[in-house]
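Chains as they are written, first to last, in this note's numbering: chain A, 4 to 612; chain B, 4 to 612. In what follows, a structure is listed as structure tokens, so that the remarks can point back to it.
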């Protein structure tokens with residue numbers, strides 16, 4: 004079988020694929036991460052692409068989300084069609100995950116005590132004499148001053164290395180193991196990289212291990228999104244496809260490898276100068292990175308393959324760093340509370356804070372940690388996808404063309420990412436719009452949207468004009484649309500999805516508060532973390548009940564806490580010890596097993612009055 | 004360049020070699036370990052072979068040990084001639100190192116406390132439940148009852164392995180690391196192999212790690228002998244030839260690999276069922292096995308690359324055992340006191356004995372350890388080669404055709420190995436003959452042999468008839484020879500070589516006794532170890548002064564102590580701790596740096612009256 008050329012519009016990029024390749028995967032090869040919130044089941048309709056020229060026969064599920072006109076016009080679901088001959092495909096921007104634009108790479112400054120697992124030092128040895136005929140390794144160990152192990156290839160070169168360099172060498176140590184010996188005349192700073200592997204986004208930071216300086220940052224969409232948007236979809240892939248685990252594992256290790264390459268290029272170094280990589284991710288992401296089957300997380304009782312912090316050889320993951328470099332994976336708390344949550348605790352020093360503090364990290368999942376005088380409780384919810392655009396009729400990620408902000412102050416004012424015509428809305432706008440509609444009386448506390456037949460009397464005309472239809476077909480137009488473009492609208496169903504997502508997080512918070520015996524008004528601080536959490540309007544989030552009712556000044560944005568935690572463990576071996584202690588001591592609250600949760604959840608879906 | 008066929012006689016074996024290959028190496032390829040005591044310098048004449056049909060032009064050094072008749076007959080030194088075209092070569096048995104016949108594989112029984120570094124156990128786990136959702140690795144670790152590391156490939160398979168085997172598995176642990184997980188329904192005994200790598204011979208024993216039972220034994224000549232008989236020759240090869248280290252390293256690892264294959268065949272198992280290998284050898288042998296450059300041992304101050312006990316991955320040495328199997332190398336004491344000496348101490352429990360004990364291990368080198376109430380002193384001498392036939396005019400190893408025993412009781416009685424016509428003599432016969440000649444008055448205490456012109460009056464005629472010539476040309480015939488075969492004779496020069504070898508060991512013993520403040524007659528025990536030590540006649544060795552003057556009943560044969568020690572460290576992790584303690588605590592006495600040694604040496608060359 005010879006490969007066939009596939010041309011992608013508007014970029015014009017051509018890739019060659021084997022006949023039978025899914026359109027979705029061909030797009031991925033062309034660098035286009037097409038959205039698949041439903042995991043390729045054909046139910047969400049987000050992966051629509053248009054075949055230019057000849058198009059394949061529509062399949063049944065195409066018709067569920069595409070109109071007959073669209074089908075006639077060549078629109079198809081990329082997750083449903085394989086390519087067997089040369090083709091031209093138009094991929095609309097709204098079908099593609101964002102570029103790095105709004106992927107959160109920054110984070111607040113945390114004081115790092117510099118105590119990295121990887122160190123480099125220049126060692127000057129006294130040459131052996133008849134009075135002091137110690138062997139080379141003992142001589143080196145004694146000079147380092149502690150018992151160290153040595154990699155076999157280095158031991159082999161040790162006698163020549165020491166003599167060629169006149170008994171002065173630069174030694175790189177990783178956790179009590181010598182991983183490199185170089186000439187003694189130069190001692191370049193050792194480098195490391197910290198990665199936050201989110202379900203949707205991956206962020207990597209290259210750091211100078213001797214100073215903690217950030218040398219370069221890279222971010223990209225997790226290429227595993229091609230296998231499904233949420234962790235459950237990916238777990239299913241590893242359960243249902245014989246090579247599923249291997250493909251997901253390679254997908255993320257290859258992305259990390261490429262990002263390491265980008266970081267190295269940015270810093271003007273070779274990737275082999277990077278001696279260590281630390282990884283924070285949710286449990287499934289960490290298992291997939293290590294290549295460990297996450298299948299059991301797909302069924303009760305959700306047991307993970309490993310949870311303790313783990314150090315692997317970079318070579319085991321085929322990462323292009325130092326040949327004896329290492330990969331440290333943060334400890335997880337359980338099946339759905341991963342190293343990213345532990346990293347968030349480290350980054351906010353939650354375990355050290357006096358009083359009551361709450362950490363909410365909303366990414367594709369929502370993780371919640373409550374601290375009461377150093378005692379910790381944690382829970383996770385699958386709330387995130389709605390905030391990332393999944394299950395919202397015109398939902399999309401925070402990328403170009405997405406409405407990211409909505410203000411209803413007598414009229415409808417919006418902000419669109421990338422200063423382009425709006426094609427959808429992202430999570431922050433969803434919250435803004437819902438809060439605005441609640442305040443305007445267009446949504447009641449049960450979440451019901453008022454139809455154009457029952458508008459409140461004092462409603463500003465500009466707002467009233469945007470309400471269309473009634474009953475279950477009611478919509479609120481955020482844009483009016485024009486000849487070539489449909490309006491961006493919010494539906495009753497979208498509000499229901501928001502209630503589910505927001506309610507899940509709020510119910511989780513309630514359960515944790517109850518477990519800890521803390522009332523919401525006793526919270527001294529609420530920390531918002533994660534790619535989504537950092538862009539929301541606190542008042543609006545509080546208005547819809549996503550955040551507990553605490554004074555705004557107690558709600559803090561803490562940036563990408565998972566990434567910050569990964570950096571902490573890169574820069575500080577004692578942070579790894581701390582991470583282990585946090586993971587072991589934290590009280591895991593399994594909401595799915597909690598009878599109260601369903602009650603709280605139902606309560607929390609009601610918007611505050 | 005295409006390879007040319009070389010046919011070896013009498014076996015008829017054909018090998019193909021690249022033009023330019025040394026005859027010596029071609030022979031090695033045909034499985035013939037041709038003797039090269041001089042390290043291939045052409046000075047010893049031991050590697051003589053005969054070209055059948057056309058023979059290469061003789062070189063100058065050929066003529067130094069071969070007669071014009073021999074040269075005309077096609078005899079050449081295999082270390083001097085390269086092969087450029089097809090050839091037929093006759094290799095006489097006396098040019099080849101022995102088969103395993105007399106390589107010492109047995110050793111006295113030592114009680115082993117079974118506490119191996121590698122253990123196997125069947126683990127029954129409770130499956131995870133919502134009440135007990137521990138991760139798989141934690142579940143396994145908790146069941147094992149101690150913190151254990153796990154190899155990455157195993158971690159990857161862990162979730163499936165546990166579930167496929169219904170939560171009952173057999174786990175193989177090596178020093179706190181899980182190296183294998185198998186089905187739980189069978190728990191085969193784990194196997195290990197202990198090797199003694201001598202300069203000349205290699206002995207390996209396959210053992211059942213759960214019982215200490217010896218399952219199989221293999222022995223062969225160290226193929227590195229093709230690069231030189233003694234450690235110094237091999238060290239020089241690594242200093243003078245760019246690929247010398249690599250060739251010597253591969254030579255021994257390949258031999259060990261083949262022997263592991265033999266052991267596995269004997270035991271009816273796969274080599275991958277062997278989980279661990281332990282190695283005892285002199286420092287140079289251990290460095291070469293690990294692939295560490297021993298070059299610095301060729302010059303003052305003789306610093307070794309490493310001395311501490313070392314555990315390597317078997318994969319680093321390309322040994323065909325379990326893919327995650329390990330290789331433990333015993334600690335060395337210094338440049339010329341290796342893990343074999345430490346192993347000997349372990350095997351004789353020298354560090355535990357009350358009173359004064361002496362261990363003499365005569366292999367290619369002679370190592371001496373003196374113990375006084377648990378305090379240890381050690382020294383090494385390069386005495387061995389003479390006892391292995393090197394530098395003795397008709398000397399040879401203890402192989403077929405070698406006289407191994409000589410009795411002069413009115414006539415000359417000899418025993419020949421393999422019940423064949425005598426072609427030379429080995430070390431035990433050399434000692435026997437010298438002791439007999441001393442007793443007969445045919446050698447005086449300075450080592451001078453009496454000529455046929457000055458025979459004592461009362462000499463039995465059968466003995467007198469064997470003395471030929473006078474002055475420096477005097478010889479004593481051990482056999483008369485016949486038409487086709489030259490007599491096997493002992494020369495004045497041979498006696499001088501014996502005095503040097505014996506004197507070196509005796510002087511070393513004297514120095515150690517002096518350091519420890521012990522007189523020879525205060526020795527409670529003398530342990531003789533090693534391939535040579537176990538075949539000598541104690542009275543005769545004492546007669547020539549090789550052994551100190553202690554009652555015969557205090558002199559004990561302890562077999563292959565180095566091999567025994569290697570087995571001890573295989574069967575007992577605490578023996579490894581003990582080995583480290585012995586290596587660190589032992590007082591190393593460097594004879595080459597000892598001014599007194601030269602004096603003692605001169606004294607010790609005088610035979611006792």
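Built from N, CA and C at the ideal position, the CB exists for glycine as well.
- In the displayed model, residue 38 of chain B falls within coil according to three-state DSSP, outside both helix and strand.
- Considered as a whole, the region 239-268 of chain B harbours no complete run of any alpha helix (DSSP H) with no fewer than 4 residues.
- The C-beta distance from residue 434 of chain B to residue 498 of chain B rounds to 11 Å, too long to meet the 8 Å contact threshold.
- In this structure residue 355 of chain B is not in contact with residue 364 of chain B, their Cβ atoms being roughly 18 Å apart against a cut-off of 8 Å.
- In this structure residue 308 of chain A touches residue 162 of chain B by the C-beta definition: roughly 5 Å separates them, less than 8 Å.
- Using beta-carbon distances, residue 384 of chain A does not count as an interface residue toward chain B, since no partner is under 8 Å.
- Ranked by how close their Cα comes to the Cα of residue 226 of chain B, the residues B/99, B/298, B/314 and B/88 have B/99 in first place.
- A straight-line Cα-Cα distance of about 13 Å links residue 117 of chain B and residue 194 of chain B.
- Bounds of the alpha helix (DSSP H) holding residue 158 of chain B are 155-167.
- Counting only the Cα atoms, residue 535 of chain B lies some 14 Å from residue 501 of chain B.
- Legend: CB atoms of the region 285-306 of chain B lying less than 9 Å from CB atoms of chain A belong to residues 286, 290, 293, 294, 295, 296, 297, 298, 299, 303, 304, 305 and 306.
- Using a 10 angstroms sphere on the CB of residue 266 of chain B, the tally of other CB atoms reaches 16 or more, which defines it as buried.
- Between residue 415 of chain B and residue 460 of chain B, the C-beta gap is not smaller than 8 Å, which leaves the two residues out of contact.
- Taken atom to atom, the span from the alpha-carbon of residue 213 of chain A to that of residue 383 of chain A is near 36 Å.
- Residue burial annotation: residue 326 of chain B is exposed, with fewer than 16 other C-beta atoms found within 10 angstroms of its C-beta.
- Residue 573 of chain B has its alpha-carbon roughly 30 Å from the corresponding atom of residue 593 of chain B.
- Interface annotation, residue 511 of chain A: not in contact with chain B, CB-CB separation never under 8 Å.
- Closer than 8 Å to the CB of residue 323 of chain B there is not a single CB belonging to chain A.
- What residue 163 of chain B touches in chain A, judged by beta-carbon distance under 7 Å, is 296, going in chain order.
- Counted as a single uninterrupted DSSP element, the stretch harbouring residue 458 of chain A is not any alpha helix (DSSP H), since DSSP gives it neither H nor E.
- Residue nearest to residue 24 of chain A within the set A/77, A/85, A/399 and A/49 is A/85 (criterion: CA-CA distance).
- Note on geometry: alpha-carbon atoms of residue 562 of chain A and residue 58 of chain A lie some 45 Å from one another.
- Among the residues of the region 492-518 of chain A, none has a Cβ less than 9 Å away from any Cβ of chain B.
- When 7 Å is used as the limit between beta carbons, residue 479 of chain B is near no residue of chain A, the shortest such separation being about 42 Å.
- Chain-ordered listing is empty here: chain B has no CB closer than 7 Å to the CB of residue 65 of chain A, the nearest sitting near 36 Å.
- For residue 600 of chain B, the enclosing alpha helix (DSSP H) begins and ends at 598-607.
- The C-beta distance from residue 172 of chain A to residue 186 of chain A rounds to 7 Å, short enough to meet the 8 Å contact threshold.
- In this structure, residue 578 of chain A sits away from residue 198 of chain A, with a CB-CB distance that is not shorter than 8 Å.
- Contact note: residue 158 of chain A reaches chain B through 293, 294, 295, 308, 309, 313 and 315, using a C-beta cutoff of 9 Å and chain order.
- A direct Cα-Cα distance of roughly 23 Å separates residue 487 of chain B from residue 392 of chain B.
- Counting other Cβ atoms within 10 Å of its Cβ, residue 127 of chain B stays below 16 and is therefore classed as exposed.
- Selection B/88, B/588 and B/56 evaluated against residue 380 of chain B yields B/588 as nearest (Cα-Cα).
- In the assembly as shown, residue 581 of chain A is a buried residue. Its beta-carbon has 16 or more other beta-carbons within 10 Å.
- C-alpha of residue 68 of chain A to C-alpha of residue 476 of chain A: approximately 16 Å in a straight line.
- Within a 10 Å sphere around the beta-carbon of residue 602 of chain B sit fewer than 16 other beta-carbons, which makes this residue exposed.
- According to the DSSP secondary-structure assignment, residue 78 of chain B is paired through a beta bridge with B/53.
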